[in-house]
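Asker: Numbering (the numbering used here), first residue to last: 303 to 670. Each residue gets a CB set at the ideal place from its N, CA and C atoms; glycine is no exception. Every value quoted in this text rests on a predicted model; they were computed, and no experiment measured them.
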Ligand SMILES: *Cc1c(COP(=O)(O)O)cnc(C)c1O
């Protein structure tokens, strides 16, 4: 069992779609499957536009450029490295703001403090399938006239105020990587209600081509292939079923570990939909063994749990050398990165597996 084992929801449907695209010999370049996936994702989220891409990182880069961000952009350090790298790769400065230790998403007060005359935007991250503090961040963005963008790689089909994530800020970016809740092998998408922004992003995704031989914009190659779209189309009708599996697994972990001291399974707001893709265990090393000892114990039993975002983007290269003082304002980020352990879930993990995993943890803690 390992964290991030891909869900395969409908192998027969995927094979059927792949046969069709091979017969058409239309393998990429705005093919019918990519268009259909874009329409279905836009409808699922409830937005006007979905621009599908080859992955979430390039989607972030395209969104960052299409919004015209320059100079500094405020971002959490407690996120996957791609969030920071997308900014750096586009010549921008990620300014790391601290998180709320309860939700692990951006702390609005820390964002407020990080604003300087060089700030050009805020890039929030919806972590663990849970919304970032959307309304507070939007208020700060409005007050300072800054565009707000979201990295929604963790939050496909989750909600904020009962509205699907993807509908907030100027645009939101999904990753459809194989390890994500909803996936297309590799892939991603930018969703927005802004017609002009969507048009610019479509041009950027395909080298700036307006038609067969007219280039009207600088661009990159961010296209999704037809095979990837086929996997997306096969998986999309099953997202609610996968959410249910994940939710049952999350409940099983919560119950099995309820009486075990020193560990707590992060709970999500019942009033919102969460995709439950992440079972986040917070380890209190004052009570029992450290998070890393628990990780080693699980690995010895072939349960491949994972630390997440440890040691924080600001402690990774090049940021560690570029911004050596960043840690001074990131106390919560460092504390959370030291206590989080993500446990295996998804359609390849059963409730029986979870009881075994909980037992391993309970026994390790009992030893002290
Ligand atoms: C997975 C992920 C990305 C990157 O997406 P890719 O499709 O792998 O390029 C970006 N941000 C976060 C928070 C992610 O989890």
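Taking 6 Å as the cut-off, is the CB of residue 453 close to at least one heavy atom of ligand 1?
Answerer: Against the chain shown, residue 453 aligns to sequence position 151. Yes, Cβ of residue 453 sits closer than 6 Å to a heavy atom of ligand 1.
Asker: Counting C-beta neighbours from all protein chains within 10 Å, is the total for residue 466 16 or more, i.e. buried, or is it exposed?
Answerer: Numbered from its first residue, the chain shown carries residue 466 at position 164. That one is buried.
Asker: Compute the distance between the beta-carbons of residue 602 and residue 645, then report whether it is under 7 Å.
Answerer: As a position in the chain shown, residue 602 is number 300, starting the count at 1. As a position in the chain shown, residue 645 is number 343, starting the count at 1. Their beta carbons are not under 7 Å apart, which means residue 602 does not touch residue 645 by this criterion.
Asker: Taking just the CA atoms, how far does residue 461 sit from residue 574?
Answerer: Residue numbering aside, residue 574 sits at position 272 when the chain shown is read from its first letter. Residue numbering aside, residue 461 sits at position 159 when the chain shown is read from its first letter. So the two alpha carbons sit approximately 6 Å from each other.
Asker: According to the neighbour-count rule (16 or more other Cβ atoms, all chains shown, within 10 Å of its Cβ), is residue 492 buried or exposed?
Answerer: On the chain shown, position 190 is the one that residue 492 refers to. By the 10 Å Cβ count, residue 492 comes out buried.
Asker: Taking the C-alpha atoms as reference points, what is the distance between residue 358 and residue 587?
Answerer: Working through the chain shown from its first residue, we reach residue 358 at position 56. Working through the chain shown from its first residue, we reach residue 587 at position 285. Between residue 358 and residue 587, the C-alpha separation is close to 34 Å.
Asker: What's the C-alpha gap between residue 333 and residue 632?
Answerer: Indexing the chain shown from 1 puts residue 333 at position 31. Indexing the chain shown from 1 puts residue 632 at position 330. C-alpha separation (whole angstroms): 45 Å.
Asker: What would DSSP say about residue 514, mapped onto helix, strand or coil?
Answerer: Counting from 1 along the chain shown, the entry for residue 514 is found at position 212. Three-state DSSP puts residue 514 in coil, outside helix and strand.
Asker: Would you check if the distance between the CB atom of residue 347 and the CB atom of residue 425 is smaller than 7 Å?
Answerer: As a position in the chain shown, residue 347 is number 45, starting the count at 1. As a position in the chain shown, residue 425 is number 123, starting the count at 1. Their beta carbons are not under 7 Å apart, which means residue 347 does not touch residue 425 by this criterion.
Asker: Who pairs with residue 453 in a beta bridge, going by DSSP?
Answerer: Position 151 of the chain shown, counting from 1, holds the residue named residue 453. Residue 453 is bridged to 427, 475.
Asker: For residue 612, tell me which candidate among 328, 642, 353, 504 has the shortest Cα-Cα distance.
Answerer: Mapped onto the chain shown, residue 612 falls at position 310. That would be 642, whose Cα lies nearest to the Cα of residue 612.
Asker: Rounded to whole angstroms, what is the Cα-Cα separation between residue 440 and residue 407?
Answerer: Your numbering for residue 440 matches position 138 in the chain shown. Your numbering for residue 407 matches position 105 in the chain shown. Rounded to whole angstroms, residue 440 to residue 407 spans 14 Å at the Cα level.
Asker: Are the Cβ atoms of residue 432 and residue 576 separated by less than 7 Å?
Answerer: Within the chain shown, residue 432 is the residue found at index 130, counting from 1. Within the chain shown, residue 576 is the residue found at index 274, counting from 1. Cβ atoms of residue 432 and residue 576: closer than 7 Å.
Asker: Alpha carbon to alpha carbon, how far is residue 331 from residue 525?
Answerer: Working through the chain shown from its first residue, we reach residue 331 at position 29. Working through the chain shown from its first residue, we reach residue 525 at position 223. The alpha-carbon atoms of residue 331 and residue 525 are separated by roughly 7 Å.
Asker: Is any heavy atom in ligand 1 found nearer than 6 Å to the beta carbon of residue 479?
Answerer: Taking the first residue of the chain shown as 1, we reach residue 479 at position 177. Flag set: Cβ of residue 479 near ligand 1.
Asker: DSSP state of residue 466, grouped into three classes?
Answerer: As a working mapping, residue 466 is identified with position 164 in the chain shown. In the structure shown, residue 466 sits in a strand (DSSP, three-state: E or B).
Asker: Considering only heavy atoms of ligand 1, does any lie closer than 6 Å to the CB of residue 309?
Answerer: Residue mapping note: residue 309 aligns to position 7 of the chain shown, counting from 1. Residue 309: no, Cβ never under 6 Å from ligand 1.
Asker: Going by DSSP, name the residue or residues bridged to residue 433.
Answerer: Taking the chain shown and counting its residues from 1, one reaches residue 433 at position 131. None; residue 433 has no bridge partner.
Asker: Under DSSP, the beta strand (DSSP E) around residue 645 begins and ends at which residues?
Answerer: Residue numbering aside, residue 645 sits at position 343 when the chain shown is read from its first letter. 642 to 645 is the span of the beta strand (DSSP E), which, as asked, contains residue 645.
Asker: So residue 567 is in the beta strand (DSSP E); what residue range does that whole segment cover?
Answerer: For the purposes of this step, residue 567 is taken as residue 265 along the chain shown, with counting starting at 1. Looking at the DSSP string, the run of the beta strand (DSSP E) that includes residue 567 is 565 to 567.
Asker: Residue 517: buried (16+ other C-beta within 10 angstroms of its C-beta) or exposed?
Answerer: Here residue 517 refers to the residue found at position 215 when the chain shown is read from its first residue. The residue in question, residue 517, is exposed, as its Cβ has fewer than 16 Cβ neighbours within 10 Å.
Asker: Going by C-alpha distance, which of 368, 444, 342 is nearest residue 473?
Answerer: Here residue 473 corresponds to residue number 171 of the chain shown, with the count starting at 1. The option with the nearest alpha carbon to residue 473 is 368.
Asker: Please state if the CB of residue 470 and the CB of residue 427 are separated by a distance shorter than 7 Å.
Answerer: Taking the chain shown and counting its residues from 1, one reaches residue 427 at position 125. Taking the chain shown and counting its residues from 1, one reaches residue 470 at position 168. Going by C-beta atoms, residue 427 is not nearer than 7 Å to residue 470.
Asker: Sorry if obvious, but does the Cβ on residue 382 come closer than 6 Å to a heavy atom of ligand 1?
Answerer: Here residue 382 corresponds to residue number 80 of the chain shown, with the count starting at 1. Under cutoff, so the answer is yes.
Asker: Distance, Cα to Cα, residue 478 vs residue 656?
Answerer: Taking the chain shown and counting its residues from 1, the one referred to as residue 478 is at position 176. Taking the chain shown and counting its residues from 1, the one referred to as residue 656 is at position 354. Each residue's alpha carbon lies about 26 Å from the other.
Asker: Apply the 10 Å Cβ neighbour rule to residue 482 and answer buried if 16 or more other Cβ atoms are within range, or exposed otherwise.
Answerer: The count along the chain shown starts at 1 and reaches residue 482 at position 180. Note on residue 482: 16 or more other CB atoms within 10 angstroms of its CB, so buried under the neighbour-count rule.
Asker: Which partner residues of residue 398 appear in the DSSP bridge assignment?
Answerer: Numbered from its first residue, the chain shown carries residue 398 at position 96. 377.
Asker: Closest to residue 624 by C-alpha separation, out of 387, 668, 662, 338, would be which residue?
Answerer: Taking the chain shown and counting its residues from 1, the one referred to as residue 624 is at position 322. The candidate whose alpha carbon is nearest that of residue 624 is 387.
Asker: How about residue 335 and residue 532: are their beta carbons less than 7 Å apart?
Answerer: As a first step, residue 335 is located in the chain shown; it is residue number 33 there, counting from the start. As a first step, residue 532 is located in the chain shown; it is residue number 230 there, counting from the start. Contact: yes.
Asker: For residue 513, is the beta carbon positioned less than 6 Å from some heavy atom of ligand 1?
Answerer: As a first step, residue 513 must be located in the chain shown, where it is residue number 211. No, Cβ of residue 513 sits at least 6 Å from all heavy atoms of ligand 1.
Asker: Just the Cα atoms here: how many angstroms apart are residue 365 and residue 490?
Answerer: Your numbering for residue 365 matches position 63 in the chain shown. Your numbering for residue 490 matches position 188 in the chain shown. Rounded to the nearest angstrom, the two C-alpha atoms are 12 Å apart.
Asker: List the DSSP bridge partners of residue 490.
Answerer: Counting from 1 along the chain shown, the entry for residue 490 is found at position 188. Residue 490 pairs with 355, 477.
Asker: Using a Cβ-Cβ cut-off of 7 Å (strictly less than) and excluding sequence neighbours within five positions of residue 614, which residues of its own chain qualify?
Answerer: What you label residue 614 is simply residue 312 of the chain shown in a count that begins at 1. Result list for residue 614: 379, 380, 632, 635, 636, 639, in chain order.
Asker: Just checking, does the region 549 to 563 make contact with the region 440 to 450 on the three C-beta pairs under 8 Å criterion?
Answerer: no
Asker: In whole angstroms, what is the alpha-carbon distance linking residue 548 and residue 519?
Answerer: In the chain shown, residue 548 corresponds to position 246, counting from 1. In the chain shown, residue 519 corresponds to position 217, counting from 1. If you draw a straight line from the Cα of residue 548 to the Cα of residue 519, it is about 43 Å long.
Asker: Where DSSP assigns a beta bridge to residue 408, which residues make up the other side?
Answerer: Walking along the chain shown from the start, residue 408 turns up at place 106. Note: residue 408 sits in a beta bridge opposite 401.
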